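K.L.:
Here you go, one structure.
Numbering (the numbering used here), first residue to last: 46 to 131.
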């Protein structure tokens, strides 16, 4: 770590204590940025999974509705009375 502080102090032309503060601030910024990026990645992945689940449920409901309509039409065509699944 001292080599980093020396490098910052020499490059920026600031005293060593100020270079230490700058170095730690940069490290803290990098760590927080990494944590935020991981959080966003997990959040979006979870949202995609929930969206896919809802789309699958909607598709299943559409197919159930189509099957029920066809069943009703077939029953009426045959002259029967449909009991609506009861």
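Even for Gly, the Cβ is constructed at its ideal location relative to N, Cα and C. Since the structure is predicted, the reported quantities are computational estimates derived from the model, not experimental observations.
For the alpha helix (DSSP H) containing residue 59, list its first residue and its last residue.
P.N.:
The residue labelled residue 59 in the question sits at position 14 within the chain shown. Taken as a continuous stretch (DSSP letters only), residue 59 belongs to no alpha helix (DSSP H), as it is neither H nor E.
K.L.:
Considering Cα atoms alone, identify which of 76, 53, 73 is closest to residue 65.
P.N.:
Counting from 1 along the chain shown, the entry for residue 65 is found at position 20. Measuring from the Cα of residue 65, the nearest candidate turns out to be 53.
K.L.:
Are the CB atoms of residue 75 and residue 49 nearer to each other than 7 Å?
P.N.:
Along the chain shown, one-based indexing puts residue 75 at 30. Along the chain shown, one-based indexing puts residue 49 at 4. For residue 75 and residue 49, no; Cβs fall outside 7 Å.
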